[in-house]
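Input: a single structure, listed below in structure tokens.
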Amino acid sequence: MAGQQDDRTAERLAPAPAMTPESAPAARVAVVADPDGRGGSLQPLTEGGTPLGAPLRVRDLVAAMAAWEEVPPAGPRWVWAATDELYSRLLPDLPERRLARCHDVKLVEPLLLAQEDRYGEPRSLGAAWARLHGQPVPADLPEGPAAADSDQDSLFAPDRSRLPPGTDPLTALVAVHAEQQRRIAATADPARTRLLCAAESAGGLIAAEMGHDGLPWSAEAHDALLVELLGPRPRGGSQQQPPKLAALVAELQQALGGRPINPDSPAQVLRAFAEQGVSLASTRNWLLRQVDHPAAPLMIQYKELSRIHVAHGWAWREAWVRDGRFRPEYVVGGVVSGRWASRGGGALQIPRIMRGAAVADPGWLLVVADAGQLEPRVLAALSGDPGMIRAGARGDLYAGLAAEAFGGDRARAKLGLLGAMYGQTSGETGQLVAVLRRKFPQAMGLVEAAARTGETGGVVRSRLGRVCPPPSAEWLDRNESAARAGDGLADDAARDSRSRGRFTRNFVIQASAADWALAMIAALRRRLALIPSEVPGDRPRLVFFQHDEVVVHTPAQLADAVREAVSAAGEEARRLVFGDTPVHFPLDTHVAATYLDAKEGTDDEPEDED
DNA sequence: TACAATGACACA
DNA sequence: TACGTGTGTCATTGTA
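If you use this note's numbering, the first sequence closes out at 610, no skipped numbers anywhere.
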């Protein structure tokens with residue numbers, strides 16, 4: 001990269017030497033890529049976003065940025081309109097040391113809008129630019145579908161920045177960024193907002209990298225799993241059912257009176273069961289399990305296998321796995337709570353058994369770490385409830401809880417706490433929640449205050465200040481008219497109200513857990529980059545992230561270093577997000593060749609992923 | 001014919 | 001009374 005020979009070198013490297021920390025310490029650098037070709041424009045900035053000197057034009061953006069990245073002590077924070085557009089484009093050409101930090105205008109904008117009571121307004125650079133200038137705000141373009149097998153992707157990829165024609169993108173970017181920095185400083189807790197924006201932006205980097213690198217996926221192992229479950233792959237294309245599935249349908253038909261039946265049609269299945277004298281409200285598994293009829297277990301088995309065939313079978317692999325990697329598209333902030341969503345391939349719903357097909361390359365291993373009991377620990381840390389903190393100081397929070405309040409009955413302690421966090425008040429759980437309220441008043445007070453806020457139309461926020469969506473206009477309408485009249489709408493309104501209470505009750509926990517998880521992977525990414533590797537390309541990489549669980553693909557000899565990085569990252573996230581709380585957020589780490597084996601790990605403990 | 005809603009089940 | 005939160009994806013079914 002640096003120090004190459006051709007005549008472009010002087011221009012390419014000009015920005016870095018000219019801007020060493022001594023001469024002009026640029027804390028940040030705004031970047032815009034030319035719409036076509038390899039060039040772009042850079043604008044060094046102060047931390048607050050004030051331009052330092054004139055903008056720079058470079059013919060080779062990747063080389064210029066790589067050179068900047070080497071400037072001690074840490075390289076700048078890159079400021080750009082959207083990671084998922086710019087960084088994704090640069091990644092294939094970036095050298096081994098990837099960009100360390102960024103500020104993503106499109107990810108930061110909705111976080112700030114929500115804090116400013118403008119939830120859901122358009123978030124593109126052009127929209128922010130228009131708001132800044134009091135001009136009509138362009139709507140965001142719908143995000144495209146994942147480009148798994150689309151043959152017209154990059155050529156016609158629309159410019160999503162939504163800037164008015166003739167606007168200089170670098171000028172707009174610099175102005176909007178400076179304004180965002182000002183708005184961050186104006187929030188109720190600037191330090192936390194700053195952390196939230198940095199974590200969200202780091203998430204953008206990680207999502208792009210994981211989409212680029214992909215989760216190692218073995219076609220052989222996947223095939224073996226499918227053949228074992230479904231029988232050999234049908235030759236006649238995807239229309240045909242695999243043998244075990246076809247046999248199951250025949251058996252089912254027999255058991256239901258012999259007439260042809262499509263088990264994928266709930267209506268037909270219900271009718272057929274009714275003819276057998278079995279009346280069912282739906283074809284849900286848990287209902288079928290209670291039915292004493294030979295067709296019921298067949299139906300359950302059919303559903304299980306059919307789902308695997310349809311959602312993660314051979315057709316799925318052909319659509320989503322290329323060159324031994326499953327490459328979904330991760331959508332940072334795709335869930336209101338700050339969790340990620342994904343597009344394409346159902347990345348966040350890979351069934352447990354299928355994880356046996358996620359196999360490390362030869363000589364490599366998967367390090368799988370999940371934060372056990374994350375949400376109750378978050379509640380303990382958020383509320384500072386002394387009893388819950390005592391429980392959370394132990395390895396198993398539910399056991400601690402049981403010891404404090406349920407005579408050692410762990411199952412009841414767990415059920416009660418989950419009920420309290422999710423808003424379940426019916427049946428036995430209601431009584432358990434009552435016990436919790438007595439023993440852990442601060443913790444229960446926190447979730448119940450959140451519920452009341454939601455029920456009355458208010459908004460709640462996560463630890464780092466992510467704000468939940470406000471109620472819709474229809475919701476407010478219904479509630480107000482019900483309050484006015486006690487008419488027929490009252491029941492609906494009351495149901496709405498309680499439903500929103502459950503949502504806000506859960507939001508403070510789920511979103512604060514997402515705060516922690518985001519800070520954790522950001523810290524982990526930075527720490528992984530510091531692990532020395534003997535072969536330049538062979539370094540540990542984040543390859544999967546699912547709410548409270550992370551997978552690192554690493555050369556086998558670095559697995560121990562990765563484990564240490566994981567545990568240090570968890571500790572760092574606790575400190576950053578929850579300050580000096582005594583609650584711990586232990587990461588359960590396992591190392592194995594396949595995701596499934598690493599997940600199962602030591603199978604002596606009950607699994608409590610949420 | 002194309003799209004939207006529904007039901008079901010996968011994940012945390 | 002009785003109610004757990006948040007997602008994505010598929011096939012079927014209903015509607016424009």
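For glycine and all other residues, C-beta sits at the position ideal for the given N, C-alpha and C.
- Residue environment analysis places R259 among the exposed positions, since fewer than 16 neighbouring C-beta atoms fall within 10 angstroms of its C-beta.
- Annotated three-state conformation of L366 is strand, per DSSP.
- By the CB criterion at 8 Å, P582 and A393 fall inside the cutoff.
- In this structure, the beta-carbon distance from V71 to H103 does not fall below 8 Å.
- For a cut-off of 8 Å, the C-beta gap from V29 to P73 is around 15 Å, too long to register as a contact.
- For F544, the enclosing beta strand (DSSP E) starts and ends at 541-545.
- Burial is judged here by how many other beta carbons sit within 10 angstroms of a residue's own beta carbon; T50 has fewer than 16 and is exposed.
- Between the alpha carbons of L417 and A315 lies a distance of about 41 Å.
- Straight-line spacing of the CA atoms in S88 and L225 works out to 33 Å.
- The continuous alpha helix (DSSP H) containing L270 extends over residues 266-275.
- When secondary structure is reduced to three states using DSSP, S88 falls in the helix class.
- Around N262, the same chain offers Q268 as residues with beta carbons nearer than 6 Å, after the five sequence neighbours per side are excluded.
- Around the beta carbon of W217, a 10 Å sphere encloses 16 or more other beta carbons of the protein chains shown; the residue is thus reported as buried.
- For H553, DSSP records a beta bridge to L366, R541.
- Counting only runs of at least 4 residues, the region 448-532 fully encloses the following alpha helix (DSSP H) elements, listed from N- to C-terminal order: 473-485, 489-530.
- Distance from the CA of P540 to the CA of A569, rounded to the nearest whole angstrom, comes to 15 Å.
- Around the CB of Q349, fewer than 16 other CB atoms lie within 10 Å, so the residue is classed as exposed.
- With respect to the 8 Å criterion, V105 and L173 are classified as neighbours on the basis of their beta carbons.
- The count of Cβ pairs closer than 8 Å, one atom from the region 198-210 and one from the region 330-349, reaches three, so the stretches are in contact.
- Assignment of beta-bridge partners to L56 by DSSP yields L42.
- R160 is bridged by DSSP to nothing; it lacks a bridge partner.
- Under DSSP, D588 takes part in a beta bridge, and its partners are D370.
- Exposed is the label assigned to N285, since fewer than 16 other Cβ atoms lie within 10 Å of its Cβ.
- Of the residues assessed, T456 falls on the exposed side of the cut-off, its CB having fewer than 16 other CB atoms within 10 angstroms.
- Straight-line measurement puts the Cα of D597 at about 11 Å from the Cα of L365.
- Pairing A565 with R527 gives a Cβ-Cβ distance under 8 Å.
- Within the DSSP bridge table, the entry for D323 names no partner.
- In this structure, the CA atom of L436 is about 8 Å from the CA atom of A420.
- Per DSSP, the unbroken beta strand (DSSP E) holding W80 starts and ends at 77-80.
- Where Y330 is concerned, the enclosing beta strand (DSSP E) starts and stops at 329-331.
- Between the region 401-415 and the region 550-559, the count of Cβ pairs shorter than 8 Å is below three; the stretches do not touch.
- With contacts defined as CB atoms closer than 8 Å, E209 and D370 fail to qualify as a contacting pair.
- Annotation for P294: A255 place their beta carbon closer than 8 Å to its own, counting only its chain and skipping 5 residues before and after.
- At the C-beta level, P328 and A347 come within 8 Å of one another.
- Ranked by Cα distance from D159, the options S124, D60, G324, R343 are led by S124.
- Contact check for P586 against G372 passes: the beta carbons are separated by less than 8 Å.
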